[in-house]
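Engineer: Residue numbers (my numbering): 976 to 1188.
One structure, pasted below without further comment.
Below, the structure is given as structure tokens:
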């Protein structure tokens, strides 16, 4: 299982269509959801293709949209300069709906959708025993859930390693490799200095989780 929904106001739409004419684009949206009764603003990129991309390319900045069918994927590649393997998590929108009657606020020059949806459910096996770290006075559990997803348009699948962060003590804490885990997560973007450059990456933060017997 790997499915969810995410909504927001359009920040920009980047046309990534191929020369052959197959439509594709990256849609950046801005929304505000709540985490433990505190507001959380997110700016996320959604990758879309086909008919969904055609509809997205007609959107204007500030339009409110809901990607009512979306999945989280792990993209992998080898960086040319260093020849090092790299990976990142991305959100792929499978269908999109325009929203009406919404409320928003301005943040700088961008419109942010209020009461936005940002929720995904992931079910798979733990790739390894989760790791624990301390951030301030809070314990954070980090675990990668393995989900098999189709590879392109073929019926073949490959494993995607979706790293999930859980704040505080959670059911994932102390579990062993291979345990079946279900997590409801929100998607957000974080940043870090890597090789002297500021890089942005997608983080999955668990709202709740459960370990199956």
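C-beta atoms are modelled at their ideal positions from N, C-alpha and C, and glycine is treated no differently.
This structure is a prediction, so every number in the text was calculated from the model and none was measured.
Return the chain-ordered list of same chain residues with a C-beta closer than 8 angstroms to the C-beta of residue 1187, the five sequence neighbours on each side being excluded.
Structural biologist: Hits under 8 angstroms: 1154, 1155, 1156, 1157.
Engineer: Three-state secondary structure (DSSP) at residue 1144?
Structural biologist: Correct three-state label for residue 1144: coil.
Engineer: Tell me which residue opens and which closes the beta strand (DSSP E) that residue 1006 is part of.
Structural biologist: From DSSP, the beta strand (DSSP E) with residue 1006 extends over 999 to 1010.
Engineer: Consult DSSP for residue 1099 and reduce its assignment to one of helix, strand or coil.
Structural biologist: Of the three classes helix, strand and coil, the one that applies to residue 1099 here is strand, per DSSP.
Engineer: In this structure, what does DSSP give as the bridge partners for residue 1068?
Structural biologist: BP columns for residue 1068 point to 1045.
Engineer: Alpha carbon to alpha carbon, how far is residue 996 from residue 1116?
Structural biologist: C-alpha separation (whole angstroms): 44 angstroms.
Engineer: Do you know offhand how far residue 1002's Cα is from residue 1021's?
Structural biologist: Rounded to the nearest angstrom, the two C-alpha atoms are 5 angstroms apart.
Engineer: Taking 8 angstroms as the cut-off, does the region 1099 to 1106 touch the region 1072 to 1086 (at least 3 CB pairs, one atom from each stretch)?
Structural biologist: Because the criterion of three Cβ pairs below 8 angstroms is not met, the region 1072 to 1086 and the region 1099 to 1106 do not touch.
Engineer: Go ahead and label residue 1095 buried or exposed: buried means 16 or more other beta carbons lie within 10 angstroms of its beta carbon, across all protein chains shown.
Structural biologist: Buried, because 16 or more other Cβ atoms sit within 10 Å of the Cβ of residue 1095.
Engineer: Quick check: the Cα distance between residue 1041 and residue 1073, rounded to an integer number of angstroms?
Structural biologist: Their Cα atoms are separated by approximately 6 angstroms.
Engineer: Which residues in the same chain have their Cβ closer than 8 angstroms to the Cβ of residue 1108, if we skip the five residues on either side of it in sequence?
Structural biologist: Contacts found: 1114, 1115, 1117.
Engineer: Which term fits residue 928, buried or exposed, when burial requires 16 or more other beta carbons within 10 angstroms of its beta carbon?
Structural biologist: A query on residue 928 cannot be resolved here, the shown segment of the chain reaching from 976 to 1188 and no further.
Engineer: Residue range of the beta strand (DSSP E) that residue 1119 falls in?
Structural biologist: From DSSP, the beta strand (DSSP E) with residue 1119 extends over 1113 to 1125.
Engineer: Give me the DSSP bridge partner(s) of residue 1026.
Structural biologist: Answer is none; residue 1026 lacks a bridge partner.
Engineer: Along the chain, where does the beta strand (DSSP E) that runs through residue 1159 open and close?
Structural biologist: Looking at the DSSP string, the run of the beta strand (DSSP E) that includes residue 1159 is 1155 to 1169.
Engineer: Would you report the Cα separation of residue 1052 and residue 1007, rounded to the nearest angstrom?
Structural biologist: Roughly 31 angstroms separates the two Cα atoms.
Engineer: May I ask you to list the residues that DSSP assigns as paired with residue 990?
Structural biologist: Answer is 1000, bridged to residue 990.
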